[in-house]
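Going by the working numbering, 842 is the number at position 158 of the sequence shown; the sequence numbering is gapless. The C-beta atom is built at its ideal place from N, Cα and C for all residues, glycine as well. One structure is given below, encoded as structure tokens.
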Amino acid sequence: MNRHHPRMTAAAPVRTDLIGLNDRNDFKDRRAGFTLIEIIATIIMLALMASMMWSVSGTALRGSADSLVRATAQARLTDAIESMTADYRELYATVADPIATIMTRIGTAGSAQNNTYGAYTVVVNRRIRFTGAAPAFSEQADSNGDILRVTISVDGSTATTLFSR
685 MNRHHPRMTA AAPVRTDLIG LNDRNDFKDR RAGFTLIEII ATIIMLALMA SMMWSVSGTA
745 LRGSADSLVR ATAQARLTDA IESMTADYRE LYATVADPIA TIMTRIGTAG SAQNNTYGAY
805 TVVVNRRIRF TGAAPAFSEQ ADSNGDILRV TISVDGSTAT TLFSR
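Okay, structure coming up:
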């Protein structure tokens, strides 16, 4: 081969590691998919986010049933007290001793009731009067009192109301 003759130059060396591949296909193969580092980083971030969500929502999900039970009990308790109050207003206008009548309808202290007022347990059902001077009033039982104190309970929730003549 003549180095000075333009037609007699040597051919460029051939790369044997790329035989059968052109540069465009080789570039696409290297970019397809994710690297191991990207996959590991994604898994770690997902695990961190899942643990944060579990700690936040875990207690809310566990306590949601208790909240529902308490809310239902409160609603039943309110319904019973409102029914008693509506009945007492009607009795007040039509009966000579409305306190004695409503007292009988509510039930005795310590009894479980399921009547037109609803299902409840009677905690207190007695006539009272207040004694003493302001601001230190005290409650005293009085079988002829003009005030009826009623405390009822529904599934652990309690409410007290007073009926007066």
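Candidates the options, of which the one nearest residue i by Cα
{"i": "ALA759", "options": "THR842, SER848, GLU774", "result": "THR842"}
{"i": "ILE765", "options": "PHE821, ALA803, ALA731, PRO782", "result": "ALA803"}
{"i": "THR815", "options": "GLY829, VAL808, THR805", "result": "GLY829"}
{"i": "THR845", "options": "ALA749, TYR772, ASP781", "result": "TYR772"}
{"i": "VAL807", "options": "ALA817, GLU823, ILE790, ARG813", "result": "ILE790"}
{"i": "SER837", "options": "ARG849, ILE786, GLY794, ILE723", "result": "GLY794"}
{"i": "LEU761", "options": "ALA777, ASN798, TRP738", "result": "ASN798"}
{"i": "SER827", "options": "THR805, ALA784, ALA818", "result": "ALA784"}
{"i": "ARG849", "options": "SER735, THR792, THR778", "result": "THR778"}
Whole-number beta carbon distance between residue j and residue i, since they are thought to touch under 8 Å
{"i": "SER767", "j": "THR800", "result": "7 Å"}
{"i": "ARG810", "j": "ALA796", "result": "Actually they do not touch by this definition, with Cβ atoms about 18 Å apart."}
{"i": "PHE821", "j": "VAL834", "result": "Going by Cβ atoms, the distance from PHE821 to VAL834 rounds to 18 Å, so no, they are not a contact pair."}
{"i": "ILE812", "j": "ILE831", "result": "5 Å"}
{"i": "GLY840", "j": "ALA757", "result": "6 Å"}
Extent of the continuous beta strand (DSSP E) run through residue i
{"i": "THR842", "result": "841-848"}
Residues that DSSP places opposite residue i in a beta bridge
{"i": "LEU832", "result": "ARG811, PHE847"}
{"i": "GLU852", "result": "Residue 852 lies beyond the range of the chain shown here (685 to 849); nothing can be said about it."}
{"i": "VAL806", "result": "ILE836"}
Residue interval of the alpha helix (DSSP H) (run including residue i)
{"i": "ALA796", "result": "Element bounds for ALA796: not the alpha helix (DSSP H) but the beta strand (DSSP E), 796-799."}
{"i": "ALA716", "result": "Looking at the DSSP string, ALA716 is not in any alpha helix (DSSP H), and its letter there is neither H nor E."}
{"i": "ALA784", "result": "782-790"}
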